[in-house]
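Participant: Before I ask anything, here is the structure I am working with.
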Amino acid sequence: MEPVTIPSYIDEPPHFLLWSADEMAPILLGLVIGIFTGNALVLCLLGLVTTKLYRRFRDGRPDGFILHAIYWAGLLPTKAKTIPNPFIRSYLP
Numbered sequence: 696m697e698p699v700t701i702p703s704y705i706d707e708p709p710h711f712l713l714w715s716a717d718e719m720a721p722i723l724l725g726l727v728i729g730i731f732t733g734n735a736l737v738l739c740l741l742g743l744v745t746t747k748l749y750r751r752f753r754d755g756r757p758d759g760f761i762l763h764a765i766y767w768a769g770l771l772p773t774k775a776k777t778i779p780n781p782f783i784r785s786y787l788p
């Protein structure tokens, strides 16, 4: 019988090498744009710096903080009827 690996955390995001999926996005975006513009190394390094700054910002805050801030600023585009308008500060009965 082969041993089965059990993950340490149930809600752990998917990882690629050393970074989680949301940290890998700026690196890959910089690489793709860099390939199209001919500056792959420069934009990939810029993506690494952005990822480092994002990780520093994210580590001091609770999970979901960025999504909450985007919603609270009114930048989350949605047509759902269950999500109230974030600019309404008080509701009348």
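Just so you know, we're using our numbering here: the sequence shown kicks off at 696 and counts up by one.
Using N, Cα and C, we set each Cβ at its ideal position, and we do this for glycine too.
Give me, in chain order, the residues of the same chain whose beta-carbon lies closer than 6 angstroms to that of Pro721; leave out the 5 immediate sequence neighbours on both sides.
Facilitator: Here residue 721 refers to the residue found at position 26 when the sequence shown is read from its first residue. Result list for Pro721: Gly742, Thr745 and Thr746, in chain order.
Participant: With a threshold of 16 other CB atoms inside 10 Å of the CB of Leu738, please say whether the residue is buried or exposed.
Facilitator: Numbered from its first residue, the sequence shown carries residue 738 at position 43. Label assigned to Leu738: buried.
Participant: With a threshold of 6 angstroms on Cβ separation, who are the neighbours of Gly725 within its own chain once the five nearest residues in sequence on each side are excluded?
Facilitator: The count along the sequence shown starts at 1 and reaches residue 725 at position 30. Result list for Gly725: Leu738, Cys739, Leu741 and Gly742, in chain order.
Participant: Can you grab the Cα-Cα spacing for the pair Leu713 / Ala775, in whole Å?
Facilitator: Residue 713 sits at position 18 when you count from the first residue of the sequence shown. Residue 775 sits at position 80 when you count from the first residue of the sequence shown. Each residue's Cα considered, the two are about 36 angstroms apart.
Participant: Name the one or two DSSP bridge partners that Phe711 has.
Facilitator: Start at 1 with the first residue of the sequence shown, and residue 711 comes out as number 16. Phe711 is bridged to Trp714.
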